[in-house]
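Okay, so here's the structure we're looking at.
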Amino acid sequence: MALPPAMSSRVRWVFALLALAAAVALAAPAADDASANILTHESRLEPDGAYSYKYSTSNGIQAEESGIGGQSVQGSASWVGDDGVPIVLTYTADENGFHPQGVHLPTPPPIPDYILRALRYIEAKQAAQNGQK
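In mature numbering (1 follows the signal peptide of the UniProt record, and there is no 0), the protein residues as written are -27 to -1, 1 to 106.
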């Protein structure tokens, strides 16, 4: 059963307006993020370069860090991802680089057994050659 032309046009407009409203609602930033407030904030800076800071916001973001300027740093940050899953990142940084840790970070696949065997073979060959010299 077909709708009368006037009704059909009206139904199309209603669907178009509903689709537009849904698109606008999905594109808008989350109200929590747009209106987040700083709940706590602490910071400390010492004459020897040691420092620390800590803060939290009303939308669940928390961070803290401490270290000695130019030498080493350790810290953490946590927030809720777009999918609603809490994310926790801990890290250190020193003369050997930045070392982040968190279950959300990608990890390399295990080294295949044939590669491990090849590496052991090369190491044994080099040791044998060094022993002959």
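Note that CB positions come from ideal geometry on N, CA and C, so glycine has one too. Source: prediction; values computed, not measured.
Could you check the C-alpha separation between residue i and residue j for me, to the nearest Å?
i	j	result
Pro83	Ser45	30 Å
Ala97	Asn103	10 Å
His14	Asp21	22 Å
Gly70	Asp55	29 Å
Thr30	Ser16	15 Å
Arg90	Ala101	16 Å
Glu68	Gln105	37 Å
Ile95	Tyr87	12 Å
Pro85	Ser49	33 Å
Look at residue i and residue j and say whether their C-beta atoms are less than 8 Å apart.
i	j	result
Ile11	Tyr24	no
Thr65	His72	yes
Gly40	Gln47	yes
Ignore the nearest five residues each way along the sequence and tell me which others in residue i's own chain have a CB closer than 6 Å to its CB.
i	result
Asp6	Asn32
Val53	Gly33 and Pro59
Ser51	Gln35 and Val61
Can you list, in chain order, the residues of its chain whose CB lies under 8 Å from that of residue i, leaving out five sequence neighbours each side?
i	result
Gly75	Ile60, Val61, Leu62 and Thr63
Gly42	Gly22, Ala23 and Tyr24
For residue i, which three-state DSSP category applies?
i	result
Ile60	strand
residue 108	Residue 108 is absent from the structure shown; the chain starts at -27 and stops at 106.
Gln44	coil
Gly75	coil
Gly104	helix
Glu38	strand
Excluding sequence positions up to five away, which residues of its chain have a Cβ less than 7 Å from the Cβ of residue i?
i	result
Leu18	Tyr24
At the 8 Å Cβ level, is residue i part of the contact set with chain B, yes or no?
i	result
Gly54	Among the chains in the structure shown there is no chain B, since it carries only a single protein chain.
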